[in-house]
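To start, the structure under review is shown below, and the notes come after it.
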Amino acid sequence: MLRNSLPASNGWDREKSAPIAGDFNGDGRADLAILHGAGGTDVNVWMLNGSITSPLSGTPRLAQVLPSGAGWNLVSEKVSAGDYNGDGAADLAILHAAGATGMYLWKINGAKTTTSLSAAPVKGATSAGTAGWVFGSTQPVSGDVNGDGAADLTLLHAAPDAGVNLWGVWGAKSSAALTGSPGLIKSLPATSGWRYAYAKGV
């Protein structure tokens, strides 16, 4: 069943859109956030609310604009969603390429309000300038892997032997969520058959 149409006449382009699902307003129903590359390479954050009667069928709400003048560009972003601060509303985690080496992690907090995802991005963990970290060889995956009630961000990263290293950036029921340095959780070596090229986080 068709729930909504986002026409090209309104500026929408599938190739410039990065959708991600999560309960961003904490009402118990999943919503859809869409990062969309605007004309001047700004990144617009749009939101469609879930509902019992007509899910995702309303007019998209522009939550905020991430300006190109501050370095934002959709081709330099990877996005994941989870309740990283444990407040009952999903947040957005955005990996942002920092030149040829390294990346920054930004978080946009969800909220139990009609203006969810409008809060200014908060810079979290960073690996900018750190040897070995490459944006193109990193996949973010969200989930509460340590069971403390706050979602964590697991980074699948290409290991030097072409295997997979799993790194964790921990959520917390506080403003410290996703601010710590990535910690190595586990190495999945190529000698055991693991290949980053064939790995896909879900």
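Mapping to the UniProt record's numbering: the sequence shown position 161 is 161, numbers consecutive. All C-beta atoms, glycine included, are put in the ideal place defined by N, C-alpha and C. Note that the structure is predicted; figures quoted are calculated from it, not measured.
Cα-Cα separation, residue i to residue j
i	j	result
Thr53	Phe24	18 Å
Val122	His157	23 Å
Ser116	Gln64	10 Å
Lys118	Leu66	In the sequence as presented, Lys is not what sits at residue 118; that position holds Ser. If you take the alpha carbons of Ser118 and Leu66, they lie about 11 Å apart.
Ala18	Asp161	31 Å
Trp12	Leu62	13 Å
Lys107	Phe135	17 Å
Gly86	Ser175	10 Å
Gln139	Gly201	7 Å
Val193	Gly147	Checking the sequence shown, residue 193 turns out to be Gly, not Val. Taking the straight line joining both Cα atoms gives about 29 Å.
Val164	Gly132	13 Å
Ala8	Gly124	34 Å
Lys112	Thr191	47 Å
Lys186	Asp91	25 Å
Tyr196	Leu166	11 Å
Lys173	Leu153	14 Å
Leu105	Gly58	30 Å
Asn49	Ala30	7 Å
residue 253	Leu155	Since the first and last residues shown for the chain are 1 and 202, residue 253 lies out of range.
Trp46	Val169	26 Å
Met103	His36	20 Å
Rounded distance between the beta-carbons of residue j and residue i, thought under 8 Å
i	j	result
Ile20	Ser80	7 Å
Leu56	Leu74	About 21 Å separates the two Cβ atoms, so there is no contact after all.
Pro182	Ser137	At roughly 14 Å, the Cβ-Cβ gap does not stay under 8 Å, so Pro182 and Ser137 are not in contact.
Thr26	Ala89	Here residue 26 is Gly; the residue named in the question, Thr, does not match the sequence. At roughly 4 Å, the Cβ-Cβ gap stays under 8 Å, so Gly26 and Ala89 are in contact.
Residue i CB to nearest heavy atom of the ligand FMN below 7 Å
i	result
Ser174	Within the structure as shown, the ligand FMN is missing, as the structure has no ligands at all.
Beta bridge counterpart(s) of residue i as assigned by DSSP
i	result
Arg61	Met47
Pro19	Ile34
residue 205	Coverage of the chain is limited to positions 1 through 202, which leaves residue 205 absent and any answer about it impossible.
Val202	DSSP, once it has assigned bridges, lists no residue as partnering Val202.
Pro140	Leu155
Lys78	Leu95
Leu56	Paired residues: none, contrary to the question.
Asp178	The residue asked about is misnamed: residue 178 is Leu in this sequence, not Asp. Answer is none; Leu178 lacks a bridge partner.
Gly183	Gly168
Leu66	Val43
| Segment contact flag, the stretch 98-105 with the stretch 81-89, C-beta cutoff 8 Å, min 3 pairs | no
| request: Within the stretch 102-132, note down every full alpha helix (DSSP H) run reaching 4 residues or more, in order along the chain. | output: none
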